[in-house]
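Just below is one structure, and these are the notes that go with it.
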Amino acid sequence: MSELAQGIDEAAVDAWVVALDVGGSGSRLVAEFGNERISLNGRAVKVNHHGSDAPAVVASLCQSFNAWAARMGHHGMSDGSTAPVASAAVGITGLTSLVEKPIDVHDILARELRTNRTAVAGDALTAHLGALKGRAGAVLSVGTGAVAFGYDGVSRWRRADGWGHLLGDLGAGVWIGGEALRAAGRFHDGAKRGASERLLDAAVAKFGLIESWPNQFYKNEQRAKQLASMAQEVIIAAAEGDPTSINILEQAGRHLADTLSSALGNGIPPLASTTGRLVQEESPLTVSLTKQLSEDRPDVSLVPSDGSPLDGALRLARRLRDTPQSVAGFRPWLTVRVDGHHTLRDTPSDLGASEVLAAKLSATDLPGDELQ
Numbered sequence: 028m029s030e031l032a033q034g035i036d037e038a039a040v041d042a043w044v045v046a047l048d049v050g051g052s053g054s055r056l057v058a059e060f061g062n063e064r065i066s067l068n069g070r071a072v073k074v075n076h077h078g079s080d081a082p083a084v085v086a087s088l089c090q091s092f093n094a095w096a097a098r099m100g101h102h103g104m105s106d107g108s109t110a111p112v113a114s115a116a117v118g119i120t121g122l123t124s125l126v127e128k129p130i131d132v133h134d135i136l137a138r139e140l141r142t143n144r145t146a147v148a149g150d151a152l153t154a155h156l157g158a159l160k161g162r163a164g165a166v167l168s169v170g171t172g173a174v175a176f177g178y179d180g181v182s183r184w185r186r187a188d189g190w191g192h193l194l195g196d197l198g199a200g201v202w203i204g205g206e207a208l209r210a211a212g213r214f215h216d217g218a219k220r221g222a223s224e225r226l227l228d229a230a231v232a233k234f235g236l237i238e239s240w241p242n243q244f245y246k247n248e249q250r251a252k253q254l255a256s257m258a259q260e261v262i263i264a265a266a267e268g269d270p271t272s273i274n275i276l277e278q279a280g281r282h283l284a285d286t287l288s289s290a291l292g293n294g295i296p297p298l299a300s301t302t303g304r305l306v307q308e309e310s311p312l313t314v315s316l317t318k319q320l321s322e323d324r325p326d327v328s329l330v331p332s333d334g335s336p337l338d339g340a341l342r343l344a345r346r347l348r349d350t351p352q353s354v355a356g357f358r359p360w361l362t363v364r365v366d367g368h369h370t371l372r373d374t375p376s377d378l379g380a381s382e383v384l385a386a387k388l389s390a391t392d393l394p395g396d397e398l399q
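Under my numbering, the first residue of the sequence shown is numbered 28, with each subsequent residue one higher.
Encoded structure:
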């Protein structure tokens, strides 16, 4: 038996399974023990020039769980010791771009929860596990950015887009917002094609005179989210009949369909779903996405999302408890540590080393951002 396999068969049945979802609008922890389940809320992550303080939020939620268990006297915890935890998994927004050392999150989970089975994932990946209930297939997450993950149901993951607003995120909130401001600028300049007075009025109301926009956006480290804030204005303008806004949303749908189709390659079963505020309600974007996907991949079944990223993190934690040897990492979106060892593929068969490194540069914030 290998070192990695040692200790795997002695799963702690009489112990908690803990899952966390840490995002920009708040954080949550759920824990299960048999038929018992508790839920705790935490603060949103904060971002500064050093990056995200998600590790501190994870530590705080774990400490809150331990305090709750000790206070309630659950399962022998009235002496103030930590509750027994079999496994823990966390989904974190901005993991690949804003968390400097994801390995620190493993250390925090192990230290605070006294568990040797931990998983740290981007919340776009836990969104997949929630949306399809852990089934094989592909899930497209659309917020400020856009990324799709395909999963074969065993250990193979495939990712498409999620490259950040300068290199990708096609069809996402940041892309829609950028196209809206270009259309506004064209109308301001007197252009006829692709111009929109309606979007210029909305943009001026939101950002001020157009002459101030370059200074606002080019010097702003949060310009992706600022751009994405225009997406809702485009949806409203499209509903009012603005042809340029309708066209922007239709193009966005086609881009997103391409991303989802890409994630369904290389042996991924033809089952798909979408998550995120931009795809929750029918609009020219969702109509276009569905139409384009059906034309490109008529074999694919597009189904409604069946759960949240927190549900996905809980599924990951359960699997880590029950069959940890089957949970393989997918850098940089998922790292797994079992008994002190990382089940991590440095270069999965469909992911070159250069792509792994480039993925760390992604500025995609999904799906816990303001568009979700």
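Glycine included, every Cβ here is placed at the ideal spot set by N, Cα and C.
Remember, it's a predicted structure, so these values are computed and weren't measured experimentally.
In the three-state DSSP reduction, residue 274 falls in the helix class (H, G or I). Contact annotation: residue 120 and residue 150 have beta-carbon atoms nearer than 7 Å. The beta carbons of residue 116 and residue 286 sit no closer together than 7 Å.
Within the same chain, and ignoring the five residues on either side of residue 233 in sequence, the residues whose Cβ sits closer than 8 Å to its Cβ are 256, 257, 260. DSSP places residue 201 in the helix class (H, G or I) of the three-state scheme.
Separation of residue 277 and residue 77 (C-alpha to C-alpha, rounded to the nearest whole angstrom) is 37 Å. Shown here, residue 45 sits in a strand according to DSSP, grouped into three states.
With a cutoff of 7 Å on beta-carbon distance, residue 123 and residue 359 are scored as near each other. Residue state for residue 295 is assigned as coil, using DSSP reduced to three classes. In the DSSP assignment, residue 74 forms a beta bridge with 79. Annotated as distal: residue 145 and residue 346, with beta-carbon spacing of 7 Å or more. According to the DSSP secondary-structure assignment, residue 145 is paired through a beta bridge with 115, 364. As DSSP reads the structure, residue 62 sits in no beta bridge. For residue 332, the number of other beta carbons within 10 angstroms of its own is at least 16, and it is reported as buried.
In the displayed model, residue 98 falls within a helix according to three-state DSSP.
Between residue 159 and residue 343, the C-beta gap is not smaller than 7 Å, which leaves the two residues out of contact.
Excluding residues up to 5 positions away in sequence, 197, 198 lie with their Cβ nearer than 6 Å to the Cβ of residue 282 in the same chain. Contact annotation: the region 182 to 189 does not touch the region 237 to 246, with fewer than three C-beta pairs closer than 8 Å.
For residue 57, the beta-bridge partners assigned by DSSP are 46, 66. Relative to the Cα of residue 140, the nearest Cα in the group 309, 352, 88 belongs to 88. With 16 or more neighbouring CB atoms inside 10 Å of its own CB, residue 319 falls in the buried class. For residue 153, the three-state secondary structure derived from DSSP is helix. For residue 164, there is no enclosing alpha helix (DSSP H); the residue is found in the beta strand (DSSP E) stretching over 164 to 169.
Taken in chain order, the complete alpha helix (DSSP H) segments of 4 or more residues contained in the region 227 to 280 are 240 to 245, 250 to 255, 258 to 266. Residue pairing by DSSP puts residue 302 in a beta bridge opposite 168.
Judged by their CB atoms, residue 288 and residue 326 are not nearer to each other than the 7 Å cut-off. In the structure shown, residue 186 falls within a strand segment according to DSSP collapsed to helix, strand and coil. Between residue 72 and residue 49, the C-beta gap is smaller than 7 Å, which places the two residues in contact.
In the displayed model, residue 110 falls within coil according to three-state DSSP, outside both helix and strand. Counting only residues of its own chain and dropping the five nearest sequence neighbours on each side, residue 229 has a CB closer than 7 Å to the CB of 260, 264.
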